[in-house]
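Before any comments, here is the structure.
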Amino acid sequence: MPHLLRTTIMIVSAMIGSAIVLAGLIIVVGNLTTYGSIPADFLPSEHTVAIFHNTNQETLSKWSSHFPALSEASYGEEAIIGIIQNSDSTFSAAIFQKSGTGTLGQYNLQFTDSKIQSLIGKQQFPVSKNRSYKLLAEHHGLHSWIYMKVSALPAPHGLRNTIEHALLYRDSNYIGIQEEIDHIQISQETDQTFISAPLQDATLSGTIFRASIGEPTVVWKSVHQLLSKENTIIVDGIIQEKLTDWGNDISLEHDIMSLLSEPSTLHITESGGVINILIEGSVKNTQDRDRILDRIHSSYASILPTSTITRRVLDKRFSSVDIRHDESQITNSQFRNGNWTIRETLFQKNTHGMITATHKNNYLLSNNLHTIEEAITSISTTSPQSTAGFIVNQGLIDLSKVQVLLTPILAPKDRKTSLEDFANTLQWDTIINGLIMQKDLFF
12 MPHLLRTTIM IVSAMIGSAI VLAGLIIVVG NLTTYGSIPA DFLPSEHTVA
62 IFHNTNQETL SKWSSHFPAL SEASYGEEAI IGIIQNSDST FSAAIFQKSG
112 TGTLGQYNLQ FTDSKIQSLI GKQQFPVSKN RSYKLLAEHH GLHSWIYMKV
162 SALPAPHGLR NTIEHALLYR DSNYIGIQEE IDHIQISQET DQTFISAPLQ
212 DATLSGTIFR ASIGEPTVVW KSVHQLLSKE NTIIVDGIIQ EKLTDWGNDI
262 SLEHDIMSLL SEPSTLHITE SGGVINILIE GSVKNTQDRD RILDRIHSSY
312 ASILPTSTIT RRVLDKRFSS VDIRHDESQI TNSQFRNGNW TIRETLFQKN
362 THGMITATHK NNYLLSNNLH TIEEAITSIS TTSPQSTAGF IVNQGLIDLS
412 KVQVLLTPIL APKDRKTSLE DFANTLQWDT IINGLIMQKD LFF
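Count along the sequence shown from 1, add 11, and you get the number used in this note's numbering.
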């Protein structure tokens, strides 16, 4: 009996010891797993609207106007800050700071509001399992960057801001933002198929705006879908009004958009205070292209004056005015420049008018003959650019001339009165790298 009792005690002790060892191993493994986790593993995907990764104080200060919680806590360098949206639509912050004696894995944790404390920890659906977050985190790597829900961004106000919002964030639920001194990168997940922007377009002197776009009509439709009905009417009205400079028979939808059905580039240049425009692109059906260009030339010719006025003085006492219809006032000519056929419709001997050039499927359209000739020379001597990514669109704008371009769509309070405010040139591009669309703004 004593032997049986001792055996039983030994077995029970061994079982208890094994359970203790197993529990210890589970705790150790759990702690090791937690220690190897990142803040996105502890943040709930449903409530997290932004994560600031190692972001500098200047950037945090800028965003604190939208997320006041960023200014309600202290944090050191390399802090990672999760922004939680509360049920009342306010925001609270969870601040993760690396530490050798972390309270959650390798991080010490602070909260700007204790009510979110219960939300932070091991998650069934953490941000780290969000497909967009994983792709964006891999794309930005160890750089300072911001993960953001698009719905949490400041709502656009005014026409210009609405258009910018549509172009930068359309078709996105989540974005990555990487800010540097003279460069902002906005990235998003995409699985769409795109057409490349032109890789060989003209370089023109005096350029104040250039946009090379792979799918102009798609961009145009996307902007329309995101604009309010009122703003859509305003934008269409402004463009249609500008088109009346080329006559009253040109349709934005049927003529201009048809010319922009393939990758195209829009140039705006300035010379001596005069604004020149150049559109370069291609149309697969050359007969359709030629019909549209014919209509544009005819429309422009219809608004040119066709009368000559002759004033005479008779017997040094009486004067007379002779007004006669004279279509010779309008110049319609066609000539060759290298491989290009140039057609011009001008009033008298002006260099400004309606000028087009065609070569194979390609076309150029401008209001200035010298601009067309400069473009032809540039295209013939420029090699296609090479890039590591797939360029969807790219361009530049001379911000010192922004009033010339944007006055029709800016409210008076949005306009700048000092040219010093626009001292630089803004360049941009949109590049596809795998499943990431990357939009770069260079100042």
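Each residue gets a CB set at the ideal place from its N, CA and C atoms; glycine is no exception.
As the structure is a prediction and not an experimental result, all values here were calculated from the model.
(1) Exposed or buried, what is GLY258 when buried is set at 16 or more other beta-carbons lying within 10 Å of its beta-carbon?
(2) Residues in the same chain with beta-carbon distance under 7 Å from ASP193, minus the five sequence neighbours each way, listed in chain order, please.
(3) What did DSSP end up calling PHE454 once you bin it into helix, strand or coil?
(4) So, with DSSP's three-state summary, where would you put SER262?
(5) What do you reckon, are the CB atoms on THR66 and ILE157 nearer than 8 Å?
(6) Taking only beta-carbon atoms, is HIS58 less than 8 Å away from chain E?
(7) Would you list the residues sitting across from GLU191 in a DSSP beta bridge?
(8) With H, G and I counted as helix, E and B as strand and the rest as coil, what does DSSP make of GLY169?
(9) With 16 as the cutoff for other CB atoms within 10 Å, does THR114 come out buried or exposed?
(10) For PRO137, list the residues DSSP reports as bridge partners.
(11) DSSP three-state label for PRO423, please.
(12) Terminal residues of the continuous alpha helix (DSSP H) containing TYR144?
(13) Out of TYR86, THR218, ALA80, point me to the one whose CA is closest to ASP409's CA.
(14) Ignore the nearest five residues each way along the sequence and tell me which others in HIS77's own chain have a CB closer than 7 Å to its CB.
(15) Does the beta-carbon distance from TYR180 to ALA51 come in below 8 Å?
(16) Suppose contacts are defined by Cβ-Cβ distances below 8 Å. Is SER207 in contact with ILE402 by that definition?
(17) In its own chain, which residues sit with a C-beta less than 6 Å from the C-beta of ILE127, not counting the 5 before and 5 after it?
(18) Check whether the segment 292-301 and the segment 236-248 touch, using three or more Cβ-Cβ pairs below 8 Å as the test.
(19) Rounded to whole angstroms, what's the CA-CA distance from HIS150 to GLN189? Just pull it up for me.
(20) What is the DSSP secondary structure of GLU291, counted as helix, strand or coil?
(21) Name the residue from GLU57, HIS154, ASP451, THR367 whose alpha carbon lies nearest to the alpha carbon of LEU380.
(22) Answer with buried or exposed for VAL138, where buried requires no fewer than 16 other C-beta atoms within 10 angstroms of its C-beta.
(23) On a Cα-Cα basis, can you pick out the residue from PRO167, LEU130, THR393 that is closest to LEU54?
(24) So ILE387 and TRP351 are in contact, right, with Cβ under 8 Å, and what is the actual spacing, rounded?
(25) Tell me the rounded alpha-carbon separation between LEU81 and SER155.
(26) Report the rounded CA-to-CA distance for HIS265 versus TRP231, giving the unit in angstroms.
(27) ALA386 lies in the alpha helix (DSSP H); which residues open and close that run?
(28) For LEU215 versus GLU384, is the C-beta distance shorter than 8 Å?
(29) Tell me which residue opens and which closes the alpha helix (DSSP H) that LYS160 is part of.
(30) By the DSSP assignment, the alpha helix (DSSP H) with LEU254 in it spans what residues?
(31) Just to confirm before moving on: does the CB-CB distance between MET365 and HIS278 stay below 8 Å?
(32) Once DSSP output is grouped into helix, strand and coil, what is the label at ASN312?
(33) The beta strand (DSSP E) that contains GLN345, what's its start and end?
(34) Helix, strand or coil: how does DSSP classify TYR185 here?
(35) On the CB-based measure, 16 or more other CB atoms within 10 Å of its CB, does ASP99 come out buried or exposed?
(36) Does DSSP put ILE303 in a helix, in a strand, or in coil?
The answer reads as follows:
(1) Here residue 258 refers to the residue found at position 247 of the sequence shown. It is buried - the Cβ of GLY258 has at least 16 other Cβ atoms within 10 Å.
(2) Taking the sequence shown and counting its residues from 1, one reaches residue 193 at position 182. If we look at ASP193 and ignore the five residues flanking it on each side, its Cβ neighbours are PHE453, PHE454.
(3) By 1-based counting over the sequence shown, the position of residue 454 is 443. Reduced to three states, the DSSP call for PHE454 is coil.
(4) Along the sequence shown, read from residue 1 onward, the residue named residue 262 stands at position 251. Note: SER262 maps to coil in three-state DSSP.
(5) As a working mapping, residue 66 is identified with position 55 in the sequence shown. As a working mapping, residue 157 is identified with position 146 in the sequence shown. Yes, the pair counts as a contact, with Cβ atoms nearer than the cut-off.
(6) No chain E appears in this structure, which consists of one protein chain only.
(7) One-based indexing of the sequence shown puts residue 191 at position 180. In DSSP, GLU191 forms no bridge with anything.
(8) Indexing the sequence shown from 1 puts residue 169 at position 158. Helix, per DSSP.
(9) Translated into the one-based positions of the sequence shown, residue 114 becomes position 103. With fewer than 16 other Cβ atoms within 10 Å, it is exposed.
(10) Residue mapping note: residue 137 aligns to position 126 of the sequence shown, counting from 1. DSSP lists PRO55 as the bridge partner or partners of PRO137.
(11) Here residue 423 corresponds to residue number 412 of the sequence shown, with the count starting at 1. Note that PRO423 scores a pLDDT of 48, beneath 50, so its modelled location is shaky; the value from the coordinates is reported in the next line. In the structure shown, PRO423 falls within a helical segment according to DSSP collapsed to helix, strand and coil.
(12) Within the sequence shown, numbered from 1, the residue matching residue 144 stands at position 133. Where TYR144 is concerned, the enclosing alpha helix (DSSP H) stretches over 142-151.
(13) Numbered from 1 along the sequence shown, position 398 holds the residue referred to as residue 409. Ranking the options by Cα distance to ASP409, first place goes to THR218.
(14) Counted from its first residue, the sequence shown places residue 77 at position 66. Only PRO165 meet the Cβ criterion.
(15) Taking the sequence shown and counting its residues from 1, the one referred to as residue 180 is at position 169. Taking the sequence shown and counting its residues from 1, the one referred to as residue 51 is at position 40. Against a cut-off of 8 Å, the Cβ pair of ALA51 and TYR180 comes out as no contact.
(16) Translated into positions along the sequence shown, residue 207 becomes position 196. Translated into positions along the sequence shown, residue 402 becomes position 391. Contact: yes.
(17) The residue labelled residue 127 in the question sits at position 116 within the sequence shown. Excluding residues within five positions, the ones whose Cβ falls inside 6 Å are ILE95, SER103.
(18) no
(19) The residue given as residue 150 occupies position 139 in the sequence shown. The residue given as residue 189 occupies position 178 in the sequence shown. Straight-line Cα distance between these residues: approximately 11 Å.
(20) Along the sequence shown, read from residue 1 onward, the residue named residue 291 stands at position 280. Strand at GLU291.
(21) Along the sequence shown, one-based indexing puts residue 380 at 369. Nearest C-alpha to LEU380: THR367.
(22) What you label residue 138 is simply residue 127 of the sequence shown in a count that begins at 1. With 16 or more other Cβ atoms within 10 Å, it is buried.
(23) On the sequence shown, position 43 is the one that residue 54 refers to. Minimum Cα distance to LEU54 is reached at LEU130.
(24) In the sequence shown, residue 387 corresponds to position 376, counting from 1. In the sequence shown, residue 351 corresponds to position 340, counting from 1. ILE387 to TRP351, Cβ: 5 Å. Contact.
(25) Indexing the sequence shown from 1 puts residue 81 at position 70. Indexing the sequence shown from 1 puts residue 155 at position 144. Between LEU81 and SER155, the C-alpha separation is close to 16 Å.
(26) As a working note, residue 265 is residue 254 in the sequence shown. As a working note, residue 231 is residue 220 in the sequence shown. One C-alpha to the other measures close to 14 Å.
(27) Indexing the sequence shown from 1 puts residue 386 at position 375. 380-392 is the extent of the alpha helix (DSSP H) around ALA386.
(28) Reading the sequence shown from its first residue, position 204 is the one you call residue 215. Reading the sequence shown from its first residue, position 373 is the one you call residue 384. No, they are not a contact pair.
(29) By 1-based counting over the sequence shown, the position of residue 160 is 149. Looking at the DSSP string, LYS160 is not in any alpha helix (DSSP H); the run it does join, the beta strand (DSSP E), is 156-160.
(30) In the sequence shown, counting from the first residue as 1, residue 254 sits at position 243. Counting along the chain, the alpha helix (DSSP H) containing LEU254 begins and ends at 240-254.
(31) Indexing the sequence shown from 1 puts residue 365 at position 354. Indexing the sequence shown from 1 puts residue 278 at position 267. Not in contact: MET365 and HIS278 (Cβ atoms no closer than 8 Å).
(32) As a first step, residue 312 must be located in the sequence shown, where it is residue number 301. A quick correction: the sequence has Ala, not Asn, at residue 312. Residue state, collapsed to three classes: helix.
(33) Residue numbering aside, residue 345 sits at position 334 when the sequence shown is read from its first letter. Per DSSP, GLN345 belongs to the beta strand (DSSP E) from 341-348.
(34) If you number the sequence shown from 1, residue 185 lands on position 174. Strand.
(35) Walking along the sequence shown from the start, residue 99 turns up at place 88. With fewer than 16 other Cβ atoms within 10 Å, it is exposed.
(36) Indexing the sequence shown from 1 puts residue 303 at position 292. In the structure shown, ILE303 sits in a helix (DSSP, three-state: H, G or I).
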